[in-house]
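To start, the structure under review is shown below, and the notes come after it.
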Amino acid sequence: MGVELPTTEFSDIPDELWLELEAHAHDGAEGHHAMVQLLDEEGRFRADSKLASSIRGLSVDALRDMYRDMAAVRRFDLEATALQRQGQLSLWVPVRGQEAAQIGSGRATQSQDYLFPTYREHGVALTRGVELGELLRLFRGISNGGWDPRQTGFHLYTLVLAAQVPHAVGYAMGMQRDAARAQAAGSAPGDSERGAVVAYFGDGASSEGDVHESMVFAASFKAPVVFFCQNNQWAISVPAEVQSRVPLFNRAKGYGFPGVRVDGNDVLAVYAVTQWALERARSGKGPVLIEAFTYRLGAHTTADDPSKYRLTDEEKSWVAKDPLARFEKYLRDQGIADDAFFADVAAEGDALAAKARADVLSFAPPTMDDAFSHVYAEAHPLVAEELAWHRDYEAGFADSDGAAGADHPTEGGR
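And the structure:
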């Protein structure tokens, strides 16, 4: 079928990207090493960057929409946290502080790409057309998802650490083989039509064996996959320096493909690096590991208390690097956005939050029939028999008025 077999040749980062890394290396800060950055912490654009051309092609509307998405997901995150505290959600996974990493990477994807998230990629979901309110079905405990991955190219959330990464590589290898079949039939898509896969995971999940195994396969078969690690510095209560004794992006060298560290609080740099990595993957050059160096400003989940394991001074130092504040400075300095724009964005965020709250309160709980219907892909006589038994069993309970139906003992329901 013309499928490319494993090779012992190692690919490398193009010279221009190495120059980029060297030019923007951050000295004196342990753990930063070489890091791609287009906006400094004051929102000043690095016009001399080798990746600047990727941004110059963006329209004013596209830049505004990037900020609009970042602000929307932050407002949504605040509302979802409140809903959990008020007992309307079983759990919530905050994303505050990681908006640039998610919006920048999500907006760099194309419709033919397919994305595998963990459980915190609310911003990426927004860029793929997922209704944010639908994310809350999972956290309300009434659904395994809430959206159709086939329509959005955005897979269902995975709560088991790193379990989605092998799936992502397998999906990418499937894309690769589909393209090989199409080429053999004389109908191969052009590079601009080829799809790639993005596998999202965190610094904590990078310690799981699933990630290692996935990278072995991806490298061996040059699978069109981008591994996108959001290093938010804490795997619940374990700091990143305990997770890995070397910068996470350097791990890619051991598998024979490029690894890049990008300032995860710089939405433009994330966009440019992800776009480069995806184009590389689509063209058949194999995988890339992107480490988005960012910070989780809030708790790991609403069941977590970060004050138990990290210092206030650390949190304050990262607040100063807030991705929304940085991008706002850039938009204002460039004359792209003014007070009226930011007021409109705030109003849109409030409307989004109100809709999400209304959606949650209107969600109908699943019925027992729903649970039985999801056991197998097709109807099964044994499942139908068990459902009939369960209906008969439930009919034995008294109704809300305390009446009837007590022919069946209730001891079995304990």
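Residue numbering for the sequence shown follows the working numbering, beginning at 288 and increasing consecutively. No residue lacks a Cβ here, since even glycine has one placed at the ideal position from N, Cα and C.
Return the bridge partner residues of residue i from the DSSP annotation.
i: Leu576; result: Phe514 and Gly546
i: Gly489; result: Gln517
i: Tyr401; result: Val484
i: Ala564; result: DSSP output for Ala564 lists no bridge partner at all.
i: Val525; result: Ala522
i: Phe441; result: Leu402
i: Leu326; result: Phe332
Do you know offhand how far residue i's Cα is from residue j's?
i: Gly433; j: Glu329; result: 39 Å
i: Ala682; j: Tyr582; result: 53 Å
i: Ser336; j: Ala559; result: 11 Å
i: His442; j: His587; result: 21 Å
i: Tyr617; j: Arg343; result: 14 Å
i: Lys509; j: Lys572; result: 6 Å
i: Glu267; j: Ala664; result: Absent from the model: residue 267. The displayed extent of the chain is 288 to 701, so no value can be given.
i: Ser430; j: Arg644; result: 17 Å
i: Ser594; j: Val380; result: 17 Å
i: Gln399; j: Ala469; result: 16 Å
i: Gln373; j: Arg333; result: 44 Å
i: Arg548; j: Ala506; result: 19 Å
i: Trp676; j: Thr654; result: 15 Å
i: Ser649; j: Asp626; result: 35 Å
i: Glu480; j: Asp348; result: 24 Å
i: Lys603; j: Asp435; result: 39 Å
i: His667; j: Asp656; result: 13 Å
i: Gln562; j: Ser346; result: 16 Å
i: Ser493; j: Lys540; result: 15 Å
i: Thr445; j: Gln451; result: 6 Å
i: Val498; j: Ala638; result: 39 Å
i: Leu306; j: Ala321; result: Confidence in Leu306 is poor, its pLDDT being 41 and thus under 50, which makes the residue's placement too unreliable to answer from.
i: Phe684; j: Phe363; result: 41 Å
i: Phe544; j: Asp679; result: 59 Å
i: Ala461; j: Ala467; result: Looking at the sequence shown, residue 461 is not Ala but Gly. Rounded to the nearest angstrom, the two C-alpha atoms are 10 Å apart.
i: Leu425; j: Arg415; result: 18 Å
i: Gln463; j: Arg569; result: 9 Å
i: Ala471; j: Gly477; result: 14 Å
i: Val554; j: Arg351; result: 12 Å
i: Ala475; j: Asp465; result: 9 Å
i: Pro511; j: Ala395; result: 15 Å
i: Leu365; j: Val447; result: 24 Å
i: Met502; j: Gln397; result: 23 Å
Near residue i, what residues of its chain come up, given a Cβ to Cβ distance below 6 Å and the 5 sequence neighbours on each side ignored?
i: Val360; result: Glu386, His409, Gly410 and Leu413
i: Arg487; result: What sits at residue 487 in the sequence shown is Tyr, not Arg. Hits under 6 Å: Pro404, Thr405, Glu408 and Phe515.
i: Gly551; result: Ala388, Ala579, Phe580 and Thr581
i: Trp605; result: Tyr582
i: Gly358; result: As written in the sequence, residue 358 is Ala, which differs from the Gly given in the question. Correct list, in chain order: Val632 and Gly636.
i: Leu584; result: Arg383 and Gly384
i: Phe659; result: Val670 and Leu674
i: Ala367; result: Trp379
i: Thr439; result: Arg415, Gly416 and Val417
Skipping 5 residues on each side, what residues in its chain have a beta carbon closer than 7 Å to that of residue i?
i: Thr537; result: The question names Thr, yet the displayed sequence has Asn at residue 537. Counting only Cβ-Cβ distances below 7 Å, and skipping sequence neighbours, we find Gly546.
i: Tyr458; result: Tyr401 and Val484
i: Ala564; result: Val513, Val575 and Ile577
i: Lys642; result: Gly420
i: Pro652; result: Ile429
Which two residues bound the contiguous alpha helix (DSSP H) that contains residue i?
i: Gln463; result: Gln451 to Ala471
i: Pro668; result: Pro668 to Ala682
i: Phe650; result: Here Phe650 belongs to no alpha helix (DSSP H), and DSSP marks it neither H nor E.
i: Tyr354; result: Val347 to Arg372
i: Leu413; result: His409 to Thr414
i: Glu601; result: Thr599 to Val606
i: Ser570; result: It is not in any alpha helix (DSSP H) - Ser570 carries neither H nor E in the DSSP assignment.
i: Phe426; result: Leu419 to Arg427
i: Ala506; result: Gly496 to Phe508
i: Phe659; result: Met655 to Ser660
i: Arg343; result: Ala339 to Arg343
i: Gln389; result: Glu386 to Ala395
Just to confirm my understanding: we take residue i, look at its own chain, exclude 5 residues before and 5 after, and list those with CB closer than 8 Å. What are they?
i: Val647; result: Leu370, Gln375, Leu376, Gly420, Leu423 and Arg427
i: Glu500; result: Pro453
i: Ala556; result: Val323, Gln324, Leu325, Leu326, Leu338, Gly391, Val549 and Asp550
i: Asp620; result: Gly330 and Arg331
i: Ala527; result: Gly318, Asp490, Asn518, Gln520, Trp521 and Leu535
i: Glu615; result: Gly330, Tyr354, Ala624 and Phe629
i: Ser341; result: Tyr558, Ala559, Gln562 and Trp563
State yes or no: is the beta carbon of residue i nearer than 8 Å to at least one beta carbon in chain B?
i: Glu386; result: The chain labelled as chain B is not found in the depicted structure, where only one protein chain is given.
Item to complete: Scan the segment 617-642 and note each continuous beta strand (DSSP E) run of 3 residues or more that stays entirely inside, going in chain order.
Response: As far as the segment 617-642 is concerned, it has no whole beta strand (DSSP E) run of at least 3 residues.
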